[in-house]
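**Student:** Heads up: the sequence lines are chains W and Z, in that order.
Heads up, the first sequence is in numbering that gives the first Met the number 0, so the first residue is 0 and it goes up one at a time.
Heads up, the second sequence is in numbering that gives the first Met the number 0, so the first residue is 0 and it goes up one at a time.
Idealized CB from N, CA, C, for every residue including glycine.
Protein chains: 2
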Amino acid sequence: MLVQEYFKTRKNLLEKALDIYLPPAKQYPSQLHEAMRYSIFSGGKRLRPILFFATYEMLIGRKNINRLDRLLPIACAIEFVHTASLIHDDLPSIDDAPERRGNPSCHVKFGEATAILAGDALITKAIELLTEIKTRHIALNCIRIITRAMSTRGMIGGQTVDILSTKKKININTLRYIHLKKTGALLQASMELACAAFDAEENITITLSNFALNLGLAYQIVDDILDEVGNFDILGKEPGEDSRNNKATYSNLIGLEKAKKTAEKLLRDSYNLIKNMKNNDILIEFVNMIKERLP
Amino acid sequence: MLVQEYFKTRKNLLEKALDIYLPPAKQYPSQLHEAMRYSIFSGGKRLRPILFFATYEMLIGRKNINRLDRLLPIACAIEFVHTASLIHDDLPSIDDAPERRGNPSCHVKFGEATAILAGDALITKAIELLTEIKTRHIALNCIRIITRAMSTRGMIGGQTVDILSTKKKININTLRYIHLKKTGALLQASMELACAAFDAEENITITLSNFALNLGLAYQIVDDILDEVGNFDILGKEPGEDSRNNKATYSNLIGLEKAKKTAEKLLRDSYNLIKNMKNNDILIEFVNMIKERLP
Chain W
0 MLVQEYFKTR
10 KNLLEKALDI
20 YLPPAKQYPS
30 QLHEAMRYSI
40 FSGGKRLRPI
50 LFFATYEMLI
60 GRKNINRLDR
70 LLPIACAIEF
80 VHTASLIHDD
90 LPSIDDAPER
100 RGNPSCHVKF
110 GEATAILAGD
120 ALITKAIELL
130 TEIKTRHIAL
140 NCIRIITRAM
150 STRGMIGGQT
160 VDILSTKKKI
170 NINTLRYIHL
180 KKTGALLQAS
190 MELACAAFDA
200 EENITITLSN
210 FALNLGLAYQ
220 IVDDILDEVG
230 NFDILGKEPG
240 EDSRNNKATY
250 SNLIGLEKAK
260 KTAEKLLRDS
270 YNLIKNMKNN
280 DILIEFVNMI
290 KERLP
Chain Z
0 MLVQEYFKTR
10 KNLLEKALDI
20 YLPPAKQYPS
30 QLHEAMRYSI
40 FSGGKRLRPI
50 LFFATYEMLI
60 GRKNINRLDR
70 LLPIACAIEF
80 VHTASLIHDD
90 LPSIDDAPER
100 RGNPSCHVKF
110 GEATAILAGD
120 ALITKAIELL
130 TEIKTRHIAL
140 NCIRIITRAM
150 STRGMIGGQT
160 VDILSTKKKI
170 NINTLRYIHL
180 KKTGALLQAS
190 MELACAAFDA
200 EENITITLSN
210 FALNLGLAYQ
220 IVDDILDEVG
230 NFDILGKEPG
240 EDSRNNKATY
250 SNLIGLEKAK
260 KTAEKLLRDS
270 YNLIKNMKNN
280 DILIEFVNMI
290 KERLP
């Protein structure tokens with residue numbers, strides 16, 4: 000199967016499920032449900048759920064889209080949590096981003112109050128979905144994984160340090176913490192959730208979890224580099240935004256060359272962690288996708 | 000046991016557990032953990048966790064504080080969700096409340112960004128705690144109950160309609176919806192959680208759930224009445240606030256006398272639902288506490 004075909008079919012599968020699991024837009028109170036749907040269907044690449052599917056299909060030993068049906072509550076929960084974090088991060092008092100993926104942010108379109116509540120509602124819906132998993136110990140493991148990823152030890156912690164660091168001099172360890180928590184935690188959870196759904200052995204889970212953390216950090220460093228030397232097409236947003244927002248980046252903290260070398264090493268480490276696993280082609284594609292963005 | 004003694008001992012038990020389950024204030028990132036603790040320890044009456052304890056102790060047939068230890072994750076989860084909703088409701092774009100219980104609101108003290116994230120973190124922590132319950136089906140039932148209470152069919156839905164109704168003419172059904180969802184849903188969940196922890200029969204759960212909804216609605220109507228005719232001492236806040244904020248109240252929609260009669264009927268209905276249950280004295284006290292606030 001072509002990689003593009005894999006991404007396309009899994010994205011379609013996910014998007015149908017997102018539509019089914021979200022409350023209808025017309026359901027009372029409709030403004031809230033419209034806001035949730037607006038942000039969920041705003042053109043996301045669905046990388047986290049696809050990484051989740053790919054990990055699971057590697058573990059079961061073959062690509063079989065029919066085997067993914069029972070995983071849809073988990074895949075949707077991942078995307079709900081991701082989108083909730085974007086809605087809250089874009090708020091005026093946090094990152095103050097008027098646009099997201101070329102469209103008005105949720106709070107610009109629906110007002111701040113509704114945006115805050117839509118984020119809360121997506122977090123809540125994510126957990127509700129996970130309680131629908133039939134096997135109880137898997138359901139509870141999934142809820143543990145996703146709440147840890149969101150918690151003050153995960154995304155919320157990373158976002159807090161990010162805000163408090165704006166306009167301040169920070170060192171590379173703090174920036175690494177922000178990247179690992181803000182981006183890494185949910186990528187890590189996506190792969191751990193696949194392991195939980197498969198009841199994978201602990202050593203496999205640990206390896207894949209480390210793979211995800213390296214991948215997430217590499218992704219952010221490449222983003223930092225592109226913020227300095229990229230263009231709109233490759234970055235998907237205006238370059239130079241982080242510097243303008245007084246946010247530290249890897250390239251301005253340790254220099255462009257060293258940042259590049261760090262990213263390359265992380266990608267090499269990621270590759271090495273999974274190179275001997277069978278059916279690893281889609282995971283390797285994730286590594287390559289990031290490598291190809293490197294200028 | 001004196002009722003006051005019951006409330007005091009259960010409140011103490013709960014507050015010790017809240018302190019244990021919350022991340023230490025000094026833990027990185029400390030500003031976030033300080034904000035969570037600030038709002039949790041800002042003088043709440045802990046009515047919801049106490050209602051939860053009282054329901055459970057009625058179901059097991061005796062008051063025994065030692066039997067409550069295994070319920071502490073649930074009791075704390077209730078208070079975390081309640082506090083998260085207060086933090087988000089107080090935000091400038093929602094109710095714009097600079098004070099809560101006589102102290103600066105979370106966002107006034109720590110900034111809006113941290114307040115938004117502290118609310119998110121408390122929701123997350125609530126769910127994490129519930130995964131610690133040893134018996135799996137009870138853990139999952141509790142998570143289902145609390146996420147339904149928070150969802151767009153519960154508190155978040157009620158809060159959305161409340162915001163959208165401000166400065167608008169609404170009818171009594173809409174106001175009833177707001178009160179039932181904003182206040183009723185979590186009171187209902189508190190009693191349903193006790194039933195879940197006890198593995199109560201369904202008819203008992205339904206009865207107690209209805210008791211809680213009536214109680215919650217009565218509480219809000221009495222609050223509406225006091226907003227018109229009460230004083231600071233009895234209300235715990237300045238009267239007339241709702242009218243000044245252009246919020247509809249029961250008394251201005253159906254008149255003071257009819258509002259009073261509605262509250263009295265709801266309290267009578269509540270009482271009738273539980274009057275034949277054994278060991279119901281603390282639940283009856285909840286009914287009386289609201290009755291006594293009626294002017």
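Please work out which residues of its chain come closer than 7 Å, Cβ to Cβ, to W:P22, disregarding the five sequence neighbours upstream and downstream, and give them in chain order.
**Tutor:** By one-based count along the first sequence, residue 22 of chain W stands at place 23. The residues are H32.
**Student:** What is the residue span of the alpha helix (DSSP H) that Z:D222 lies within?
**Tutor:** Counting from 1 along the second sequence, the entry for residue 222 of chain Z is found at position 223. Counting along the chain, the alpha helix (DSSP H) containing Z:D222 begins and ends at E201 to V228.
**Student:** Determine the direct distance from the alpha carbon of Z:I177 to that of Z:D161, and round the result to whole angstroms.
**Tutor:** For the purposes of this step, residue 161 of chain Z is taken as the residue at position 162 of the second sequence. For the purposes of this step, residue 177 of chain Z is taken as the residue at position 178 of the second sequence. C-alpha separation (whole angstroms): 6 Å.
**Student:** Report the start-end ranges of each alpha helix (DSSP H) in the region 22-93 of chain W that is 4 residues or longer and not cut off at the edges.
**Tutor:** With a minimum length of 4 residues, the continuous alpha helix (DSSP H) runs that stay inside the region 22-93 of chain W are 29-39, 46-59 and 71-89.
**Student:** If you draw a straight line from the alpha carbon of W:G183 to that of W:E78, how long is it in whole angstroms?
**Tutor:** As a working mapping, residue 183 of chain W is identified with position 184 in the first sequence. As a working mapping, residue 78 of chain W is identified with position 79 in the first sequence. Taking the straight line from one Cα to the other gives about 15 Å.
**Student:** Between W:V228, W:S84, W:I253 and W:V80, which lies nearest to W:T173 when the distance is taken from Cα to Cα?
**Tutor:** Locating residue 173 of chain W in the first sequence gives position 174, where the first residue counts as 1. Minimum Cα distance to W:T173 is reached at W:I253.
**Student:** So which residues of chain Z does W:E87 contact, with C-beta pairs closer than 7 Å?
**Tutor:** Locating residue 87 of chain W in the first sequence gives position 88, counting from the first residue. As written in the sequence, residue 87 of chain W is His, which differs from the Glu given in the question. By Cβ distance, chain Z contributes I115 and D119.
**Student:** Span of the alpha helix (DSSP H) holding W:R147?
**Tutor:** Position 148 of the first sequence holds residue 147 of chain W. Note, W:R147: alpha helix (DSSP H), R135 to M149.
**Student:** Which first and last residues belong to the alpha helix (DSSP H) in which W:R175 is found?
**Tutor:** Residue 175 of chain W sits at position 176 when you count from the first residue of the first sequence. Taken as a continuous stretch (DSSP letters only), the alpha helix (DSSP H) holding W:R175 covers I171 to H178.
**Student:** May I have the straight-line CA-CA distance separating W:C141 from Z:D241, to the nearest angstrom?
**Tutor:** In the first sequence, the residue the question calls residue 141 of chain W occupies position 142. In the second sequence, the residue the question calls residue 241 of chain Z occupies position 242. Roughly 42 Å between the two C-alpha positions.
**Student:** Name, in chain order, the residues that DSSP records as bridge partners for Z:N102.
**Tutor:** Here residue 102 of chain Z refers to the residue found at position 103 when the second sequence is read from its first residue. Bridge partners of Z:N102: Z:R99.
**Student:** Report the three-state DSSP secondary structure of W:M276 (helix, strand or coil).
**Tutor:** As a working mapping, residue 276 of chain W is identified with position 277 in the first sequence. The answer is coil: DSSP assigns W:M276 none of H, G, I, E or B.
**Student:** How is Z:E14 classed by DSSP in three states: helix, strand or coil?
**Tutor:** Here residue 14 of chain Z corresponds to residue number 15 of the second sequence, with the count starting at 1. Note: Z:E14 maps to helix in three-state DSSP.
**Student:** For Z:I144, which option in Z:A195, Z:K133, Z:I155 and Z:K166 has the closest C-alpha, if you only look at C-alpha atoms?
**Tutor:** In the second sequence, counting from the first residue as 1, residue 144 of chain Z sits at position 145. Residue Z:A195 is the option with its Cα nearest to Z:I144.
**Student:** I want to see whether chain Z comes within less than 8 Å of W:P22, judged by CB atoms only; does it?
**Tutor:** Within the first sequence, the letter at position 23 stands for residue 22 of chain W. Closer than 8 Å to some Cβ of chain Z, the Cβ of W:P22 qualifies, so yes.
**Student:** With W:A193 and W:Y55 assumed to form a contact (beta carbons below 8 Å), what rounded beta-carbon distance in angstroms separates them?
**Tutor:** Within the first sequence, residue 193 of chain W is the residue found at index 194, counting from 1. Within the first sequence, residue 55 of chain W is the residue found at index 56, counting from 1. Indeed, because the Cβ distance is near 4 Å, the residues count as touching under 8 Å.
**Student:** Report yes if the CB atom of Z:A120 is closer than 8 Å to the CB atom of Z:L129, and no otherwise.
**Tutor:** Along the second sequence, read from residue 1 onward, the residue named residue 120 of chain Z stands at position 121. Along the second sequence, read from residue 1 onward, the residue named residue 129 of chain Z stands at position 130. It is not a contact, given that the beta carbons lie outside the stated cut-off.
**Student:** Tell me whether Z:G183 sits in a helix, a strand or coil according to DSSP, three-state version.
**Tutor:** Stepping through the second sequence from its first residue, residue 183 of chain Z is reached at position 184. It is helical.
**Student:** Leaving out five residues on either side along the sequence, give the residues of the same chain with a beta carbon under 8 Å from the beta carbon of Z:M0.
**Tutor:** Working through the second sequence from its first residue, we reach residue 0 of chain Z at position 1. Hits under 8 Å: K62.
**Student:** Below 7 Å between beta carbons is the criterion; list the residues of the region 148-162 of chain Z that meet it against any residue of chain W, in chain order.
**Tutor:** Those residues of the region 148-162 of chain Z that come within reach of chain W (Cβ to Cβ, closer than 7 Å) are M149, S150, T151, I155, G156, Q158, T159, V160 and I162.
**Student:** Report yes if the CB atom of W:F210 is closer than 8 Å to the CB atom of W:L272, and no otherwise.
**Tutor:** Taking the first residue of the first sequence as position 1, residue 210 of chain W is located at position 211. Taking the first residue of the first sequence as position 1, residue 272 of chain W is located at position 273. Yes, they are a contact pair.
**Student:** Taking the CB atoms as reference points, tell me whether Z:I155 and W:T146 lie closer together than 8 Å.
**Tutor:** In the second sequence, the residue the question calls residue 155 of chain Z occupies position 156. In the first sequence, the residue the question calls residue 146 of chain W occupies position 147. No, the Cβ-Cβ distance between Z:I155 and W:T146 is not below 8 Å.
**Student:** Starting from Z:G118, trace the alpha helix (DSSP H) both ways and give me its first and last residue.
**Tutor:** Position 119 of the second sequence, counting from 1, holds the residue named residue 118 of chain Z. E111 to L129 is the span of the alpha helix (DSSP H), which, as asked, contains Z:G118.
**Student:** Check each candidate in Z:G60, Z:G43, Z:N11 and Z:G42 and name the one with the smallest Cα separation from Z:N278.
**Tutor:** Along the second sequence, read from residue 1 onward, the residue named residue 278 of chain Z stands at position 279. The residue with the shortest Cα to Cα distance from Z:N278 is Z:G60.
**Student:** Would you say the region 202-221 of chain W touches the region 88-99 of chain W, given that touching needs at least three Cβ pairs under 8 Å?
**Tutor:** No, because fewer than three Cβ pairs between the region 202-221 of chain W and the region 88-99 of chain W fall closer than 8 Å, the two stretches do not touch.
**Student:** Check the Cβ-Cβ distances between Z:P297 and every residue of chain W, and say whether any is below 8 Å.
**Tutor:** A query on residue 297 of chain Z cannot be resolved here, the shown segment of chain Z reaching from 0 to 294 and no further.
**Student:** Let me know if Z:T296 comes out buried or exposed under the rule of 16 or more other beta-carbons within 10 Å of its beta-carbon.
**Tutor:** Here chain Z covers residues 0 to 294 and nothing more, so residue 296 of chain Z does not appear.
**Student:** Within a Cβ cutoff of 8 Å, which residues of the same chain sit near W:L179, ignoring the five residues on either side of it in sequence?
**Tutor:** Within the first sequence, residue 179 of chain W is the residue found at index 180, counting from 1. Closer than 8 Å at Cβ, skipping near neighbours: G157, L212, G215 and L216.
**Student:** Rank Z:Y20, Z:F109, Z:A148 and Z:E263 by C-alpha distance to the C-alpha of Z:R47 and give the top, closest one.
**Tutor:** Locating residue 47 of chain Z in the second sequence gives position 48, counting from the first residue. Here the closest residue by C-alpha is Z:A148.
**Student:** Classify W:Q30 as buried or exposed, calling it buried when 16 or more other Cβ atoms lie within 10 Å of its own Cβ.
**Tutor:** In the first sequence, counting from the first residue as 1, residue 30 of chain W sits at position 31. The residue in question, W:Q30, is buried, as its Cβ has 16 or more Cβ neighbours within 10 Å.
**Student:** Taking the Cβ atom as the reference point for each residue, do W:F51 and W:S150 lie within a distance shorter than 8 Å?
**Tutor:** As a position in the first sequence, residue 51 of chain W is number 52, starting the count at 1. As a position in the first sequence, residue 150 of chain W is number 151, starting the count at 1. Contact: no.
**Student:** With a threshold of 16 other CB atoms inside 10 Å of the CB of Z:D68, please say whether the residue is buried or exposed.
**Tutor:** Counted from its first residue, the second sequence places residue 68 of chain Z at position 69. Exposed, by the Cβ-count rule.
**Student:** Taking Cβ to Cβ, would you say W:S104 is nearer than 8 Å to W:A96?
**Tutor:** Position 105 of the first sequence, counted from the first residue, corresponds to residue 104 of chain W. Position 97 of the first sequence, counted from the first residue, corresponds to residue 96 of chain W. Cβ atoms of W:S104 and W:A96: closer than 8 Å.
**Student:** Residues of chain Z with CB closer than 9 Å to the CB of W:K124, please, in chain order.
**Tutor:** Counting from one through the first sequence, the residue named residue 124 of chain W turns up at place 125. Neighbours of W:K124 on chain Z, chain order: T146, S150 and T151.
**Student:** Using beta-carbon positions only, say whether Z:I289 and Z:V228 come within less than 8 Å of one another.
**Tutor:** To locate residue 289 of chain Z, count along the second sequence from 1; it is residue 290. To locate residue 228 of chain Z, count along the second sequence from 1; it is residue 229. Not closer than 8 Å, so no.
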